[in-house]
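Just so we're aligned: the sequence shown equals residues 0 to 191 in numbering that gives the first Met the number 0.
Okay, so here's the structure we're looking at.
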Amino acid sequence: MTSSAPETPDNPADRLPKSWDPSEVEAELYRGWVDAGYFEADATSDKPPYSIVLPPPNVTGSLHMGHALDHTLMDALSRRKRMLGYEVLWLPGMDHAGIATQSVVEKQLAADGKTKEEFGRELFIDKVWDWKRESGGTIGGQMRRIGDGVDWSRERFTMDDGLSEAVQTMFKRMFDDGLIYRAERLVNWSPV
Numbered sequence: 000m001t002s003s004a005p006e007t008p009d010n011p012a013d014r015l016p017k018s019w020d021p022s023e024v025e026a027e028l029y030r031g032w033v034d035a036g037y038f039e040a041d042a043t044s045d046k047p048p049y050s051i052v053l054p055p056p057n058v059t060g061s062l063h064m065g066h067a068l069d070h071t072l073m074d075a076l077s078r079r080k081r082m083l084g085y086e087v088l089w090l091p092g093m094d095h096a097g098i099a100t101q102s103v104v105e106k107q108l109a110a111d112g113k114t115k116e117e118f119g120r121e122l123f124i125d126k127v128w129d130w131k132r133e134s135g136g137t138i139g140g141q142m143r144r145i146g147d148g149v150d151w152s153r154e155r156f157t158m159d160d161g162l163s164e165a166v167q168t169m170f171k172r173m174f175d176d177g178l179i180y181r182a183e184r185l186v187n188w189s190p191v
């Protein structure tokens, strides 16, 4: 004897799809969470604080599987802490990647038969910022599709005025205190 449900038009199970496609609901659910402020940290909260600063991905392209793993782990940690009653800040951001970003933009120009010298310093920097906006938008979109529970209201970029000034101030302070210096040392680094 089998215990299968009868196949009649009145059986609700017959109206369920044979397979579930999460992409049909994920974007709307995520947008609802962000719009409701579920991922925004309250600086005035009495809850114990917990924060994660996202190691900022470079704006030189798109996220890869390593990012997906890291983001999944950070997301699990931050959601767990929220469930335990912590005020969680998962701070998102992106890194300018300096020379690597410059190289990507130079390759794009070369594909069009142009060089950065033809543009001059200011126009080339504008091109780099255009690339940052385009690539950063791609990465931000990928982070949203992954479902990162980050506080988008606090998104940062390493070249933001406040951040750049803070880095320069701390670098100078550490240099003045003798914590940063030039010397010949062995390091675990390969130029290849």
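Each residue gets a CB set at the ideal place from its N, CA and C atoms; glycine is no exception.
Note that the structure is predicted; figures quoted are calculated from it, not measured.
| query | Where does residue 74 sit, in a helix, a strand or coil, going by DSSP? | reply | The residue you call residue 74 lines up with position 75 of the sequence shown. It is helical.
| said: Would residue 74 and residue 157 be called neighbours here (beta carbons separated by less than 7 Å)? | reply: As a working mapping, residue 74 is identified with position 75 in the sequence shown. As a working mapping, residue 157 is identified with position 158 in the sequence shown. Their beta carbons are not under 7 Å apart, which means residue 74 does not touch residue 157 by this criterion.
| Proximity below 7 Å, CB of residue 35 to CB of residue 150 | The residue given as residue 35 occupies position 36 in the sequence shown. The residue given as residue 150 occupies position 151 in the sequence shown. No, they are not a contact pair.
| said: Let's see if you can read the secondary structure: which residues bound the beta strand (DSSP E) around residue 50? | reply: For the purposes of this step, residue 50 is identified with residue 51 of the sequence shown, where counting begins at 1. Its beta strand (DSSP E) spans residues 48–52.
| Just to confirm, are residue 199 and residue 76 a CB contact at a threshold of 7 Å? | The requested residue 199 does not occur in the structure, where the chain is confined to residues 0 to 191.
| For residue 90, which of helix, strand or coil comes out of DSSP? | Within the sequence shown, numbered from 1, the residue matching residue 90 stands at position 91. Residue 90 falls in the strand class under three-state DSSP.
| task | Answer with yes or no whether the minimum CB distance from residue 108 to chain B is below 7 Å. | result | In the structure shown, chain B cannot be found, because there is only a single protein chain.
| field | With 16 other Cβ atoms within 10 Å as the buried cut-off, status of residue 15 | value | Sequence index remark: in the sequence shown, residue 15 carries index 16 (1-based). Classification for residue 15: exposed.
| query | With a CB to CB cut of under 6 Å and the five nearest residues on each side skipped, what residues in its chain are close to residue 103? | reply | As a working note, residue 103 is residue 104 in the sequence shown. Hits under 6 Å: 59.
| message | Comparing C-alpha positions only, which one of 188, 165, 154, 178 sits nearest to residue 215? | response | Limits of the chain in this structure are 0 at one end and 191 at the other, which puts residue 215 out of reach.
| message | DSSP three-state label for residue 38, please. | response | Along the sequence shown, read from residue 1 onward, the residue named residue 38 stands at position 39. Correct three-state label for residue 38: coil.
| query | What span of residues does the alpha helix (DSSP H) with residue 58 cover, start to end? | reply | Position 59 of the sequence shown holds residue 58. From DSSP, residue 58 is part of no alpha helix (DSSP H); its letter is neither H nor E.
| message | Here's the rule I'm using: 16 or more other beta-carbon atoms within 10 Å means buried, otherwise exposed. How should residue 148 be labelled? | response | One-based indexing of the sequence shown puts residue 148 at position 149. Burial call: buried.
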